[in-house]
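**Student:**
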Amino acid sequence: MGIISEWFGYVLNLLYSIFSNYGIAIILFSILLRIILIPITIKQQKSMKKSAALQQEMMEMQKKYKNNPEKLNQETIELYKREKMSPFSGCLSSILQIIIILSVFWLVSQPLTYMKRIDNTLIEKYTNEMKEEGYNQNNAYAQIGVLDYAETKYKELEEQLKQENVENRAELEEKLNEYNQLRLNMEFLGLDLSKVPTQSLNDWKVYIIPVLYVITSAISIKITTMTQNKKNKKEIIVQNENKTEPDPMDQMQQMNKSMMYMMPMMAVMIAIIAPLGLALYWLVSNILMILERLVINKIMEEKEQNN
């Protein structure tokens with residue numbers, strides 16, 4: 001995960017250096033990542049469509065071999081091989097999403113390491129300095145605490161250096177530059193993206209992004225299930241009429257559905273205990289995924305009608 005977080009951090013830092021705003025950098029980073037993942041999304045959508053198209057043949061096999069489970073399993077596996085499909089495709093996509101989720105989580109929780117590329121010695125120096133001064137340190141995310149501490153100290157020194165006849169000016173300017181290395185502009189549309197919802201219970205604004213994420217997740221799941229249900233409705237009716245036993249491929253499809261619901265739930269749980277920057281990334285990604293699915297589904301439906 002660390003290597004992927006480093007790659008992501010390089011891109012995020014490049015965007016930040018251009019726009020000097022953490023929120024804008026995360027939004028653009030989310031867009032770039034979704035563009036890179038478009039081929040995988042298209043492949044996943046095609047796989048879903050193809051899987052739905054095979055259901056009629058699957059029902060015929062279930063009727064034919066309803067008294068021979070071993071033969072049914074064998075024929076089902078052969079069908080998937082012949083059509084060059086894998087019942088695990090949905091799970092593989094979910095695993096990829098988990099890897100990305102964890103990598104971005106590491107990135108936003110340790111921005112000094114993965115984004116700013118600050119030496120650990122300097123981070124430890126200011127972590128210890130915070131403890132010595134009794135500064136209100138964020139225990140769960142030490143680097144977020146260091147960012148807040150550096151911002152406060154930078155502003156104090158900046159005001160001090162505006163005065164005339166300041167002693168040790170050169171030393172203070174060096175210290176100012178050091179603090180500047182540890183700064184990030186995390187203010188975005190009135191929100192502090194360094195805040196953690198569970199650690200800022202008195203600030204209602206920290207829940208805006210997580211709530212919007214939940215809403216977009218519900219919309220995304222609704223779109224996916226509606227697409228699948230259109231193709232699977234007949235199969236479910238026939239299976240119920242014939243009282244066929246669920247085959248392994250049906251179980252795999254149920255597993256894929258479970259993963260589809262599990263991902264947003266897992267993300268929400270992490271979002272409320274992580275800095276808001278992570279929730280912003282997921283919110284933007286969700287919106288983009290919804291648009292992707294609508295557009296890709298539309299294009300694929302038009303192609304089917306033309307054929």
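Note that the numbering used here has the sequence shown beginning at 1, numbered continuously upward.
Glycine residues also receive a C-beta, built at the ideal position from the N, C-alpha and C atoms.
1) Let's see if you can read the secondary structure: which residues bound the alpha helix (DSSP H) around Ala123?
2) Going by C-alpha distance, which of Leu15, Gly277, Val11, Lys49 is nearest Glu83?
3) Could you check whether the region 106-126 touches the region 139-149, counting it as contact only if at least three pairs of C-beta atoms, one from each stretch, sit closer than 8 Å?
4) Just how far apart, CA to CA, sit Phe105 and Leu278?
5) Looking at the strands, I want to know which residues DSSP matches up with Glu70.
6) Going by the CB atoms, is the gap between Lys175 and Leu157 shorter than 8 Å?
7) Going by beta carbon distance, what residues of the same chain come within less than 7 Å of Ile236, once the five residues before and after it are set aside?
8) Taking a contact to mean a Cβ-Cβ separation below 8 Å, would you say Lys162 touches Leu276 in this structure?
9) Tell whether a beta-carbon distance below 8 Å holds between Glu297 and Gln45.
10) Is Asp119 buried or exposed, if buried means 16 or more other CB atoms sit within 10 Å of its CB?
11) With distance defined between alpha-carbon atoms, name the residue in Ser30, Asn202, Ile77 nearest to Ser51.
12) Give the DSSP-derived three-state secondary structure of Glu159 in the structure shown.
13) Please report the Cβ distance between Ile26 and Leu184, rounded to the nearest whole angstrom; I am assuming they are in contact, meaning their Cβ atoms lie under 8 Å.
14) Whole angstroms are fine: how far does the CA of Gln74 sit from the CA of Asn242?
15) In the DSSP output, which residue or residues are listed as bridge partners for Phe188?
16) Any idea what DSSP makes of Ser20, helix, strand or coil?
17) Between the Cα of Met186 and those of Pro210, Ile31, Leu212, Phe19, spot the shortest distance and give me the residue it belongs to.
18) Helix, strand or coil: which one does DSSP assign to Lys81?
19) Can you list, in chain order, the residues of its chain whose CB lies under 8 Å from that of Leu147, leaving out five sequence neighbours each side?
20) What three-state label does DSSP hand Met249 in the structure shown?
21) Between which two residues does the alpha helix (DSSP H) containing Thr110 stretch?
22) Can you say whether Met226 is buried or exposed, counting buried as having 16 or more other CB atoms within 10 angstroms of its CB?
23) List the whole-angstrom C-beta distance separating Arg293 from Ile223, where the pair is believed to meet the contact cut-off of C-beta under 8 Å.
24) Using only CA atoms, which one of Tyr149, Lys205, Ile24, Asp203 lies nearest to Glu178?
25) Determine the burial state of Asn168: buried for a count of at least 16 other Cβ atoms within 10 Å of its Cβ, exposed for fewer.
26) Measuring CA to CA, which of Ser200, Ile219, Ile221, Met61 is closest to Ala274?
27) Would you decide whether Gln160 is buried or exposed? Buried here means 16 or more other CB atoms lie within 10 Å of its CB.
28) Can you give the beta carbon distance from Ile40 to Ser103, rounded, assuming they're within the 8 Å contact cut?
**Tutor:** According to the structure shown:
1) The question names Ala, but residue 123 is Ile in the sequence shown. Residues 120-133.
2) Lys49
3) yes
4) 6 Å
5) DSSP lists no partner for Glu70.
6) yes
7) Unreliable placement is indicated for Ile236, whose pLDDT of 47 sits below 50; the coordinate value is still reported in the next sentence. None.
8) no
9) Glu is not the amino acid found at residue 297; the sequence shown has Asn there. Result yes, Cβ atoms of Asn297 and Gln45 sit closer than 8 Å.
10) exposed
11) Ile77
12) helix
13) Not a contact, Cβ separation roughly 11 Å.
14) Reliability fails at Asn242, whose pLDDT of 47 lies under 50, so the model's placement of it is uncertain and no value is given.
15) Leu191
16) coil
17) Phe19
18) helix
19) Pro111, Leu112, Leu182, Arg183, Leu184, Met186, Ser194
20) Low local confidence applies: a pLDDT of 47 at Met249 is under 50, so the model's placement there is unreliable, with the coordinate-based value given in what follows. DSSP places Met249 in helix when its eight states are reduced to three.
21) The displayed chain sequence assigns Gln, not Thr, to residue 110. Gln110 -> no alpha helix (DSSP H), and no H or E assigned at all.
22) exposed
23) 6 Å
24) Tyr149
25) exposed
26) Ser200
27) exposed
28) Going by Cβ atoms, the distance from Ile40 to Ser103 rounds to 15 Å, so no, they are not a contact pair.
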